[in-house]
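This report concerns only the one structure given below.
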Amino acid sequence: MRRFLAIIALSYSSLSYAQQTLYESDYGTLSAGLQIQTATLLEGNNRSGDPTKQHLSDVYGELTVEPNVKATINLPKESQLYAGFSFIYSAISGNDPSGITQHGVLMPLEKTDFTEYGYYKNFKDAGLTEEKYIGWKSGKLLEKFDANMLDLSAGAQDYKLGTGLLLANGTDDGGYRGSYWIGSRTAFTNTLIARINTNGIKLEGFHLETRPRNPTTRRNYDGVNLEYNYHDTATVGVSYINANNKGNKRNIHEEGSLFNTAYTSMDNDIYNIRLSFIPLATALPDLSISGEYVNQHNNITTQPIFDAAVVDRHIAQGGYAQIEYKFSELSWQPTLSYRYTRLGKGFDSMAYGFKTWGTWFQGEINGEFILDNSNLITQVGRLTLTPTERISLNLIYLNYEFVNPSAFNLTDSHYGNEIDLLADWAVNATVDLAAGLETFVPSEAGQQYLGGNKTWVQGMLYASFKF
7 MRRFLAIIAL
17 SYSSLSYAQQ
27 TLYESDYGTL
37 SAGLQIQTAT
47 LLEGNNRSGD
57 PTKQHLSDVY
67 GELTVEPNVK
77 ATINLPKESQ
87 LYAGFSFIYS
97 AISGNDPSGI
107 TQHGVLMPLE
117 KTDFTEYGYY
127 KNFKDAGLTE
137 EKYIGWKSGK
147 LLEKFDANML
157 DLSAGAQDYK
167 LGTGLLLANG
177 TDDGGYRGSY
187 WIGSRTAFTN
197 TLIARINTNG
207 IKLEGFHLET
217 RPRNPTTRRN
227 YDGVNLEYNY
237 HDTATVGVSY
247 INANNKGNKR
257 NIHEEGSLFN
267 TAYTSMDNDI
277 YNIRLSFIPL
287 ATALPDLSIS
297 GEYVNQHNNI
307 TTQPIFDAAV
317 VDRHIAQGGY
327 AQIEYKFSEL
337 SWQPTLSYRY
347 TRLGKGFDSM
357 AYGFKTWGTW
367 FQGEINGEFI
377 LDNSNLITQV
387 GRLTLTPTER
397 ISLNLIYLNY
407 EFVNPSAFNL
417 TDSHYGNEID
427 LLADWAVNAT
437 VDLAAGLETF
447 VPSEAGQQYL
457 GGNKTWVQGM
467 LYASFKF
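Its first residue numbered 7, the sequence shown is counted upward by one per residue in the numbering used here.
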């Protein structure tokens, strides 16, 4: 599961780099940037005292360094070629609560599809190309339409569908790749994206490929997305996505064995509807409602080596509904929201990602390290305060319940409750800081799932430097 897109997400912040212009003329531009991120996390009663996870770190630190270069070439009628390249070095000292790596434990190695055993070092680091894309914008070539109505791009780049419930993160972090919680790697690879934007309408066609830690689990997403924005008071989106692993069938084998007993392939059809609107734009402009519905037709084919193929066909459903109100006339502008999310049994969590705290990594403890967005019901209450335009405070309550506990051999559905207290400070254009204190109290299902019954407490310190 992809980790947090660890860049401060205040409402006024930009997710872009602080670029330094190297060249600028009528012919185009060349710029470069650098982002350095660090995080330190402290765990008390790690994994609620799970006795089988004694080889994890109660204190661990992460570092990522990402240089980037961007270029544009100006063409007739303000059309433009653009390109970008970035590289991420990431490292972790210690072993985080995900349990992907453990200290001093002989483990099947994910990089080899678990066919080989080995030990993970306490310090793990890796460097990977992140972005590597080229694109073209139409400018005013199409005079009857909006500027840059047409945008075509290809390569390794970011893509987010709606709030990121289904598609946002294309590359795994953690394990042998170094840092985990920061999760700075997000780009999909081998992408082809075509966009049409005009008169509030956005039409997209896309091909995306993921870069998981285990290369045999690579996935392709081919889809089309249509959105309409009505005067910034309502936005509706509909999407169709085909998820498959064509050309990359997954082998089934015993851990540590090279002998395959079968292979699997997938071909899933996903239908998605999204809506966000301000129901009383004149009377209550600070009240907003949003929701999303997903219907998945999942087809998994298992082909044994010495037997006939078996096809598992099932329909999975999921979605959320949220209501939010901002008291904009009050000091600190408190914002209250409630979200109910149900992601059913067999729901394919796909490549979900980060929008803001708690979305869609649902909880800084469980959403980051333990639970996937499948077979899960969450209720989330959130209070956001803004003491100044540079400081934001979040208090988030999360209640977890399994849709079908028997899928995990559990006798109860109630997993537990988490509370996250988070503070963000955009010091200046270069420095962003964040701190968090989180706690999780497991219920009966949580105690059975984790193997411990203690209250898990976590502290977090984070810093980002953009040049």
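Just so you know, even glycine gets a beta-carbon here, dropped at the ideal spot from N, CA and C. Note that this is a predicted model, so its numbers are computed, not measured.
For residue i, count the other beta carbons within 10 Å of its own beta carbon; 16 or more makes it buried, fewer makes it exposed. Which is it?
| i | result |
| --- | --- |
| glycine 124 | exposed |
| leucine 167 | buried |
| serine 144 | buried |
| threonine 390 | buried |
| tyrosine 236 | exposed |
| phenylalanine 129 | exposed |
| valine 300 | buried |
| serine 334 | exposed |
| glycine 133 | exposed |
| phenylalanine 265 | exposed |
| aspartate 56 | buried |
| arginine 8 | Unreliable placement is indicated for arginine 8, whose pLDDT of 37 sits below 50; the coordinate value is still reported in the next sentence. Per the 10 Å Cβ criterion, buried. |
So the beta strand (DSSP E) residue i belongs to, where does it begin and stop?
| i | result |
| --- | --- |
| glutamine 385 | 382–394 |
| glutamate 450 | It is not in any beta strand (DSSP E) - glutamate 450 instead sits in the alpha helix (DSSP H) that spans 450–456. |
| tryptophan 462 | 462–472 |
| glutamate 215 | 207–215 |
| arginine 348 | 341–349 |
| phenylalanine 93 | 86–99 |
| asparagine 400 | 397–408 |
| leucine 167 | Segment: none, leucine 167 is in no beta strand (DSSP E) and carries neither H nor E. |
| glycine 181 | Where glycine 181 is concerned, there is no enclosing beta strand (DSSP E), given that its DSSP letter is neither H nor E. |
| tyrosine 29 | 26–31 |
| leucine 232 | 226–236 |
| threonine 204 | 194–204 |
| arginine 256 | 256–258 |
| serine 144 | It is not in any beta strand (DSSP E) - serine 144 carries neither H nor E in the DSSP assignment. |
| lysine 248 | In the sequence on display, residue 248 carries asparagine and not lysine. First-last of the beta strand (DSSP E) with asparagine 248: 240–250. |
With which residues is residue i paired in a DSSP beta bridge?
| i | result |
| --- | --- |
| valine 433 | Valine 433 pairs with nothing; no bridge assigned. |
| proline 73 | Leu40 |
| histidine 109 | Tyr126 |
| valine 316 | Thr308 |
| glycine 297 | Leu281, Ala327 |
| phenylalanine 446 | Glu424, Trp462 |
| tryptophan 338 | Paired residue(s): none; tryptophan 338 is not in a bridge. |
| alanine 132 | Ser96 |
| tyrosine 269 | Asn257, Gln309 |
| glutamine 368 | DSSP, once it has assigned bridges, lists no residue as partnering glutamine 368. |
| glutamate 149 | Answer by DSSP bridge pairing: none, since glutamate 149 is not bridged. |
| leucine 173 | Ala357 |
Work out the CA separation of residue j and residue i for me, nearest whole Å.
| i | j | result |
| --- | --- | --- |
| glycine 184 | arginine 201 | 34 Å |
| aspartate 426 | glycine 189 | 19 Å |
| aspartate 131 | leucine 439 | 23 Å |
| threonine 461 | tyrosine 234 | 45 Å |
| tyrosine 182 | threonine 365 | 26 Å |
| threonine 195 | leucine 156 | 21 Å |
| valine 317 | serine 31 | 59 Å |
| asparagine 51 | valine 463 | 7 Å |
| aspartate 119 | arginine 280 | 36 Å |
| asparagine 415 | glutamine 454 | 9 Å |
| alanine 15 | valine 433 | Confidence in alanine 15 is poor, its pLDDT being 38 and thus under 50, which makes the residue's placement unreliable; the coordinate value appears in the next sentence. Distance between the alpha carbons of alanine 15 and valine 433: 13 Å. |
| alanine 24 | serine 37 | 10 Å |
| glycine 324 | tyrosine 165 | 21 Å |
| glycine 262 | aspartate 378 | 25 Å |
| tryptophan 363 | asparagine 278 | 23 Å |
| glutamine 26 | valine 75 | 9 Å |
| leucine 401 | tyrosine 66 | 24 Å |
| phenylalanine 367 | serine 54 | 19 Å |
| glycine 458 | serine 412 | 19 Å |
Less than 8 Å between the CB atoms is what I'm expecting for residue i and residue j, so what's the real figure, rounded?
| i | j | result |
| --- | --- | --- |
| serine 96 | threonine 135 | Incorrect: roughly 13 Å between the Cβ atoms, too far for contact. |
| threonine 392 | glutamine 328 | Actually they are not in contact, since the Cβ atoms of threonine 392 and glutamine 328 sit about 19 Å apart, beyond 8 Å. |
| asparagine 381 | lysine 351 | 5 Å |
| threonine 270 | histidine 259 | Actually they are not in contact, since the Cβ atoms of threonine 270 and histidine 259 sit about 12 Å apart, beyond 8 Å. |
| arginine 191 | isoleucine 94 | 6 Å |
| tryptophan 187 | leucine 47 | 6 Å |
| alanine 249 | aspartate 178 | Actually they do not touch by this definition, with Cβ atoms about 16 Å apart. |
| glutamine 242 | glycine 211 | First, the residue type needs correcting, since residue 242 is valine and not glutamine in the sequence shown. With a Cβ gap of about 18 Å, valine 242 and glycine 211 do not count as contacting. |
| phenylalanine 473 | threonine 417 | That pair is no contact at about 54 Å. |
| glycine 161 | threonine 197 | 6 Å |
| leucine 158 | glycine 141 | 6 Å |
Quick check on the DSSP output: the alpha helix (DSSP H) that includes residue i runs from which residue to which?
| i | result |
| --- | --- |
| asparagine 372 | 372–375 |
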